[in-house]
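Heads up: the structure comes next, in structure tokens.
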Amino acid sequence: DEWTCIACRNCCDVAPKTFCIDMDAGRARAYAQWGDTEEDLEYAVSACPVDCIYWVGREELQVLEYVTRDRLHALGNQLPCPMASRQGAAPVEDPFELAAQYQRKVEAAARKAEQVPNVSSELLRSATRVRERIAEAFEGLNAALKLRGWGGWQ
């Protein structure tokens with residue numbers, strides 16, 4: 006959780022193959038989830054004075070990384086001062102709430118897309134009906150006309 010990180014570097018000292026200080030945002034970030042042993046990662050979680058390190062699943066991690074990068078981009082890569090936010094200033098943004106909002110938005114878009122008629126399948130059905138009508142009309146022609154109009158027809 007980069008919003009609550011105070012850049013104390015404890016996690017970087019305990020698990021240096023996993024955590025580093027992001028030069029743009031100035032906060033700690035897990036850059037290689039497989040870098041250190043699980044025991045070292047547990048020590049890093051315990052060493053964090055503001056409890057901003059969480060265990061999350063792969064799918065949740067992807068959404069969290071996306072919303073974090075998106076929000077950081079919107080903020081010009083400038084996170085609010087974590088010390089000031091703990092002194093009664095504006096509340097710190099919750100990346101888990103941002104992820105939940107994003108998931109709801111994606112699910113709503115998927116539901117809306119299901120309700121919109123599929124134009125390509127409708128065009129395919131229409132083209133199939135036209136082809137069938139042409140075939141019926143062709144069958145109704147006499148053999149001499151078929152030979153004159155379509156040469157090698159048999």
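Okay, so the sequence shown: first residue is 6 according to my numbering, each after it adds one. Where a beta carbon is used, it is the ideal one built from N, C-alpha and C, also for glycine.
Taking a contact as a CB-CB distance under 8 Å, the pair Leu103 and Val55 does not count as one, their CB atoms being some 18 Å apart. Apart from the 5 residues on each side of it in sequence, Val124 has no Cβ closer than 8 Å to any other Cβ in its chain.
Taking a contact to require three or more Cβ pairs closer than 8 Å, the region 48-65 and the region 74-85 do not qualify as touching. Of Arg14, Trp39, Arg136, Gly40, the smallest CA-CA separation from Gly31 is found for Arg14. For Cys16, the enclosing alpha helix (DSSP H) stretches over residues 15-19. By a beta-carbon distance limit of 8 Å, Ala37 does not contact Cys16. Their separation comes to about 13 Å. Judged by DSSP secondary structure, Ala12 falls outside any beta strand (DSSP E); it is assigned neither H nor E. Collapsing the DSSP output to three states places Ala30 in coil.
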